[in-house]
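Novice:
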């Protein structure tokens, strides 16, 4: 067996997230890190950390003109994703984009279209999807171990770096939405979105948010995102007809618990002639906590990026996935503007909007 | 000090909840249990359990005509509450009513009106409010220990006896709503109600429910009730400007945790001239878990019923409280009927409706 | 199939534990409770609670002379067990004895001998052994699911009713020792006992205790009992060559966890020629929490008592089991008297001693 | 205020622990890392990681002859500590030594003596003592918040790198013993040591160990160390007359819990004339979990090393502390050799022994 040639990659943006990408590309056997591009050269040099073989540049064109660069990873602010991605795709480079894919669904759709036309990989860096826990959840759902998914409830109460230009929906919900898109068979395609937000501290934007996402056939997904509690909760419950899964990301001793319990619909013997007379019963069984390998999510993510390029296939979190997440976020804005009523995701989003989630 | 005379009480209804009331009235020093009334004499006798001094009857009038009965406790189905309560109040008896207060806000309002006219106590048996944990939460909020309440998030994922005639909102949410009414200063008076329900198993009624209750000034309460998971979660988070409280009712070792942490709004130095430029920061402090006395909630509840009669004052959970809970439940029905949009609680509820939460 | 005739039973002693036995015998289909015997008639009457068919007597002979009494359950102080048991066995009654079996191994041995001679059942009420968790542990060990047991570590930090006449070893360790006897194949037969006790509050007896029980072949059981912490811990770890089991009795959501992990001895490649050069490695696998039925331990215990009588076999916790526990407790006294050195359990215990664990 | 001159330091040994020391010295404002010394130059260079200003050498004398080196940190195998430390002290360098201080108490005592003669700092790198949790425990005990310490129970069940030349006592117990020495007022000075070990897998050395350490006046410390369970437990309970502290190092959400509960000795009214008639009662109060700062233990440790040198005082974990830990470990060997009986720590240790903990 011959050793595969490493693919060449350049990272654009050396701010908050870029250094993580740089570190993982540099230590991956699949990749050769060729260049880092940032307007702030000092920041870029610090991120490269004495790796002499990596070029540090300020000019994107310098990166795109290199023939030893097969792919570009974009870790710049969301509003710049489209322009950079389009230039990279036009130059024949595969593209990885930091979440969210773009600042608007229209921008994201344009990126997806161009990548498809050029036959290049466009991948969304939905990092959480590559954690061992989420990979295992996806596997469990896909294998049918949970039966039919009945409801998903996700809570993300988080303290953290609050960015001035986004609200809690656009800051935190992309994590939950990208995970839902990843684990639900067929991806996240809700019938509608109903959102309620609150700003009890006068921050000028929602700090507490609730999203209801009916998935069809009575199935409901719900997301609670919250900046205002210094007590972290990161929990997802997936109720299935056969088993129920609880993911408690802050319990390193037992992140995933699968309850071999289900809910059965029982027809009542009484004089009920319609389904309203039915009741539910519970089966109680064992609990099972699968062992999870210890692997950094970003390492798995860059490996998947390489794999999709080599195998000429869509990556697990492709541009379409990023676009679905964007669509829900934009629908969430519209629902809030309409008093929280259920709005369609598919509604037209006529022109690129200037501001996001403000 | 002279020993207070025990008040006489009769319990109407010896089904699911009645025996608990019977046991607590019988063992209370404040009360003398005089009679139990049920159409099913055997069931009533079993509930009385050989207490020879307690009359067992089928006729409500026989109870109401007794001069040694000061008060009547009603533990019959919700649709019968109004009729029984009105007859008891008309006979000059104080009244305790099992939750929910009535099957419609109109019925409840009539009961409240009559009690006020007669100068009698009308109390709602919101049992959960009298648990040591909720009494302590009320005390903490009232004392200002949490600062201004910013958000409340309540989750009740429960397996249990599913009654055929109610949905998950009417079955489980009364607990959360009565607790919110009890601990929020001024009671539960939301600006509106937005509700989303789901029935993924074809039960003919909602089995998963979400309620958003904006409380004014940007404050949000939210309730998640769920029948479909055999994994219990009963958790309430109350975020305050000074401290955050987490109540985990399934952790007997530490039910209440008070985090001495708060969220501060920080004006940014940058060129922002409006509040949108503000950001939040976190103070991290100690955690404190108050010791809770071990006392049965129903014992505290019957003591409060006696106290309110003796002191001629409203009980902590009076008819108005029961009515506020009913109003939210009814608004929740209307919001669901309107696709989950925010509806007003105060909207007219013209005539007694026949069915509840169906 | 004919319904089995209920066995007749009398309970002797209506103090702390007697009422629990009375309640369980009375509600068991296997048993007909015939009489309760106590010197304090009022206490006995209260324990019987209006069951008119149960005789209440002060004279043991009156109980033993009844032909409708097949068995006697003894719930009196330990120092009286031998005399009562011997009279009951002499009268041809099967005997159940509250833990500990007797106040000395000699007394216990005499009881065991007499029961054997008469062909009657002598059972120790090791209640904890009949909890769903311990029954499951016994089953797991017996089935080989854990592999070879390598070590057992039991911690019982408990607040509770401190009896004036026993120390922490005699008060709490019988629980752990009877469980060890129950779950270890072949029962608890240690090579020796080494005990360390401490009395840091000047109580005049040990309030903190540690027992080491080498079980042969390098296997070690260890018990930590403690009165002095108001924080309860009740945890047992059983390390096996195939799997490790953790029983956390204060975690009702997940009392038993079975870790599918084991320890392997690896021979090192280096120049080591003996086993001392070996090292251990770990296999990491899933965790599994078996569902436990909800059943009161005493209900299972009285059923086992009936079963052993009907099937003319030794009960799961027979007199020999009680005797093995007594032997370890007495050896524990001797080890403490000898500075904590390892002493043999089999050492002679010449004459009934007056005081216990003082 | 003038900025203090950084002290010069050299690290000897770049194996398992050395790189951690190198990283912390390099990033400390108190220190200037001058040199790293290791026989394996490649390993040393990798540990230095491109810090061009740091010399990498194989010859200890080259380090000791540098005038810009004030102190030497030794991270080599235990059996080499004495020789290296003595040469460094003779050269006038302050010395930090990896745990354990030496392979025998005699070797450790010689090091302590020489440092005292030369007026130089000799510090033991008891890293765990500098974790935020242990620093807080020390503070709580010293402040009297717990009252009089009544018992300490430490459990360390750990999977990890098993070194071929030590048993579980010498591998894991130094952590617990150094923490006990750090938090107990006056240090760890037990009246004796009783140890029980077990080797159920035929590893040729103890893999499970129990240490009882009576501290005088009825107070007991106990340590359980265990290699054989792949389930980690790291818990210490400190029972005090006023409060009880539980440290659960694997619960990052609440590592320290202080229970405001105590145990009181109550004289009984009955005819007891001696203390044996006394009983204990419990006060139940709140629980309190102090916030802990996030700081790497090694950063605090190297700061303490610098502080002790500058202020010409003993460091918090001085050579004497290391020596006390060594003394207990050696006594533990003697107790095991004597069947687990209580042996004195002070017993003579005539000559440097060749092997350790074998």
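Protein chains in written order, with the working numbering: chain A, 1 to 358; chain B, 1001 to 1358; chain C, 2001 to 2358; chain D, 3001 to 3358.
All C-beta atoms, glycine included, are put in the ideal place defined by N, C-alpha and C.
#1: Mind checking which residues open and close the alpha helix (DSSP H) that includes residue 1327 (chain B)?
#2: Suppose contacts are defined by Cβ-Cβ distances below 9 Å. Is residue 1310 (chain B) in contact with residue 1033 (chain B) by that definition?
#3: Measuring only between beta-carbons, confirm whether residue 2110 (chain C) sits less than 9 Å from chain A.
#4: To which residues of the same chain is residue 3201 (chain D) closer than 8 Å at the C-beta, ignoring the five residues directly before and after it?
#5: Would you report the Cα separation of residue 54 (chain A) and residue 37 (chain A), rounded to the nearest angstrom?
#6: With DSSP as the reference, please indicate the residues paired to residue 385 (chain A) in a beta bridge.
#7: What residue range is occupied by the uninterrupted beta strand (DSSP E) comprising residue 2098 (chain C)?
#8: Per DSSP, what are the beta-bridge partners of residue 2226 (chain C) in this structure?
#9: Nearest to residue 2124 (chain C) by CA position, among C:2308, C:2346, C:2342, C:2345, is which residue?
#10: Would you check whether the ligand ADP has a heavy atom nearer than 8 Å to the C-beta of residue 89 (chain A)?
#11: When DSSP builds the beta bridges, which residues end up paired with residue 239 (chain A)?
#12: Quick check: the region 2119-2135 of chain C against the region 2170-2182 of chain C, are there 3 or more CB pairs under 8 Å?
#13: Less than 9 Å between CB atoms is the rule here; does residue 2058 (chain C) satisfy it with respect to chain A?
#14: Which residues does DSSP list as the beta-bridge partners of residue 259 (chain A)?
#15: What are the residues of the region 1283-1302 of chain B that lie near chain D, defined by any Cβ-Cβ distance shorter than 8 Å?
#16: Classify residue 1313 (chain B) as buried or exposed, calling it buried when 16 or more other Cβ atoms lie within 10 Å of its own Cβ.
#17: If you reduce the DSSP assignment to three classes, tell me which class residue 1272 (chain B) lands in.
#18: When you compare only the Cα positions, how much space is there between residue 2114 (chain C) and residue 2086 (chain C)?
#19: DSSP state of residue 2345 (chain C), grouped into three classes?
#20: Nearest-angstrom Cα distance between residue 57 (chain A) and residue 188 (chain A)?
#21: Could you list which residues in chain D have their beta carbon closer than 7 Å to that of residue 1254 (chain B), in chain order?
#22: Is there a C-beta anywhere in chain C that falls below 9 Å from the one on residue 3007 (chain D)?
#23: Pick helix, strand or coil for residue 3277 (chain D), following the three-state DSSP scheme.
#24: On the premise that residue 3071 (chain D) lies in contact with residue 3094 (chain D), defined as a C-beta separation below 8 Å, what is that separation, rounded to the nearest angstrom?
#25: Determine the chain C residues that contact residue 3229 (chain D) at a beta-carbon separation under 7 Å, and present them in chain order.
#26: Using beta-carbon positions only, say whether residue 364 (chain A) and residue 1151 (chain B) come within less than 9 Å of one another.
#27: For the alpha helix (DSSP H) that residue 3140 (chain D) lies in, which residues bound it at each end?
#28: Spell out a yes or no on whether the region 3209-3220 of chain D and the region 1249-1261 of chain B are touching, meaning 3 or more CB-CB pairs, one atom from each, closer than 8 Å.
#29: Note down, in chain order, each residue of its chain lying with its Cβ closer than 6 Å to the Cβ of residue 293 (chain A), except the 5 sequence neighbours on either side.
#30: Quick check: residue 1235 (chain B) and residue 212 (chain A), are their CB atoms within less than 9 Å of each other?
#31: Would DSSP call residue 2146 (chain C) helix, strand or coil?
#32: Taking 9 Å as the cut-off, decide whether the C-beta atoms of residue 3239 (chain D) and residue 3153 (chain D) are in contact.
#33: Could you pull out every unbroken alpha helix (DSSP H) segment of at least 4 residues lying fully inside the region 32-86 of chain A, listed in chain order?
#34: Could you give the C-beta distance for residue 2339 (chain C) and residue 3342 (chain D), rounded to a whole number, given that I count them as a contact under 8 Å?
#35: Are residue 3245 (chain D) and residue 3140 (chain D) closer than 9 Å when you measure CB to CB?
#36: Once DSSP output is grouped into helix, strand and coil, what is the label at residue 2189 (chain C)?
Specialist: Taking the definition as stated:
#1: Walking along the second chain from the start, residue 1327 (chain B) turns up at place 327. Residues 1319-1337.
#2: For this step, residue 1310 (chain B) is matched to residue 310 along the second chain. For this step, residue 1033 (chain B) is matched to residue 33 along the second chain. No, the pair does not count as a contact, with Cβ atoms beyond the cut-off.
#3: Counting from 1 along the third chain, the entry for residue 2110 (chain C) is found at position 110. With 9 Å as the cut-off, residue 2110 (chain C) does not count as an interface residue toward chain A.
#4: Walking along the fourth chain from the start, residue 3201 (chain D) turns up at place 201. Hits under 8 Å: 3207, 3228.
#5: The residue you call residue 54 (chain A) lines up with position 54 of the first chain. The residue you call residue 37 (chain A) lines up with position 37 of the first chain. Straight-line Cα distance between these residues: approximately 10 Å.
#6: Examination of residue 385 (chain A) is not possible in this model, given that chain A is present from 1 through 358 alone.
#7: Taking the first residue of the third chain as position 1, residue 2098 (chain C) is located at position 98. Here the beta strand (DSSP E) through residue 2098 (chain C) covers 2094-2098.
#8: Here residue 2226 (chain C) corresponds to residue number 226 of the third chain, with the count starting at 1. Beta-bridge pairing links residue 2226 (chain C) to C:2157, C:2208.
#9: As a position in the third chain, residue 2124 (chain C) is number 124, starting the count at 1. That would be C:2308, whose Cα lies nearest to the Cα of residue 2124 (chain C).
#10: Absent from the structure shown: the ligand ADP. Ligands present: none.
#11: Reading the first chain from its first residue, position 239 is the one you call residue 239 (chain A). Beta-bridge pairing links residue 239 (chain A) to A:151, A:244.
#12: yes
#13: One-based indexing of the third chain puts residue 2058 (chain C) at position 58. Residue 2058 (chain C) does not count as touching chain A.
#14: If you number the first chain from 1, residue 259 (chain A) lands on position 259. For residue 259 (chain A), which the question treats as bridged, DSSP gives the partners A:244, A:287.
#15: 1284, 1285, 1286, 1287, 1288, 1289, 1290, 1291
#16: Mapped onto the second chain, residue 1313 (chain B) falls at position 313. With fewer than 16 other Cβ atoms within 10 Å, it is exposed.
#17: Sequence index remark: in the second chain, residue 1272 (chain B) carries index 272 (1-based). Legend: pLDDT at residue 1272 (chain B) = 35, less than 50; position of this residue unreliable, value from coordinates given subsequently. Note: residue 1272 (chain B) maps to coil in three-state DSSP.
#18: Residue mapping note: residue 2114 (chain C) aligns to position 114 of the third chain, counting from 1. Residue mapping note: residue 2086 (chain C) aligns to position 86 of the third chain, counting from 1. Approximately 7 Å between the Cα atoms of the pair.
#19: Taking the third chain and counting its residues from 1, the one referred to as residue 2345 (chain C) is at position 345. In the structure shown, residue 2345 (chain C) sits in coil (DSSP, three-state: anything other than H, G, I, E or B).
#20: Position 57 of the first chain, counted from the first residue, corresponds to residue 57 (chain A). Position 188 of the first chain, counted from the first residue, corresponds to residue 188 (chain A). About 38 Å.
#21: As a first step, residue 1254 (chain B) is located in the second chain; it is residue number 254 there, counting from the start. Under the 7 Å cutoff, chain D gives 3287.
#22: The count along the fourth chain starts at 1 and reaches residue 3007 (chain D) at position 7. By this cut-off, residue 3007 (chain D) is not an interface position.
#23: Within the fourth chain, the letter at position 277 stands for residue 3277 (chain D). Annotation note: pLDDT 44 at residue 3277 (chain D) (below 50); position unreliable, no value reported.
#24: What you label residue 3094 (chain D) is simply residue 94 of the fourth chain in a count that begins at 1. What you label residue 3071 (chain D) is simply residue 71 of the fourth chain in a count that begins at 1. Between residue 3071 (chain D) and residue 3094 (chain D) the Cβ distance is about 4 Å, and since that is below 8 Å, they are a contact.
#25: For this step, residue 3229 (chain D) is matched to residue 229 along the fourth chain. Those within 7 Å of residue 3229 (chain D) in chain C are 2237, 2239, 2244.
#26: For residue 364 (chain A) there is no data in the structure shown, the boundaries of chain A being 1 and 358.
#27: Here residue 3140 (chain D) is taken as the residue at index 140 of the fourth chain, counted from 1. Note, residue 3140 (chain D): alpha helix (DSSP H), 3132-3142.
#28: no
#29: The residue labelled residue 293 (chain A) in the question sits at position 293 within the first chain. Around residue 293 (chain A): 132.
#30: Mapped onto the second chain, residue 1235 (chain B) falls at position 235. Mapped onto the first chain, residue 212 (chain A) falls at position 212. Taking 9 Å as the Cβ cut-off, residue 1235 (chain B) and residue 212 (chain A) do not qualify as a contacting pair.
#31: Taking the first residue of the third chain as position 1, residue 2146 (chain C) is located at position 146. Residue state, collapsed to three classes: coil.
#32: To locate residue 3239 (chain D), count along the fourth chain from 1; it is residue 239. To locate residue 3153 (chain D), count along the fourth chain from 1; it is residue 153. Their beta carbons are under 9 Å apart, which means residue 3239 (chain D) touches residue 3153 (chain D) by this criterion.
#33: 41-48, 60-64
#34: Taking the third chain and counting its residues from 1, one reaches residue 2339 (chain C) at position 339. Taking the fourth chain and counting its residues from 1, one reaches residue 3342 (chain D) at position 342. Indeed, because the Cβ distance is near 5 Å, the residues count as touching under 8 Å.
#35: Taking the fourth chain and counting its residues from 1, the one referred to as residue 3245 (chain D) is at position 245. Taking the fourth chain and counting its residues from 1, the one referred to as residue 3140 (chain D) is at position 140. Contact: yes.
#36: For the purposes of this step, residue 2189 (chain C) is identified with residue 189 of the third chain, where counting begins at 1. Residue 2189 (chain C) falls in the coil class under three-state DSSP.
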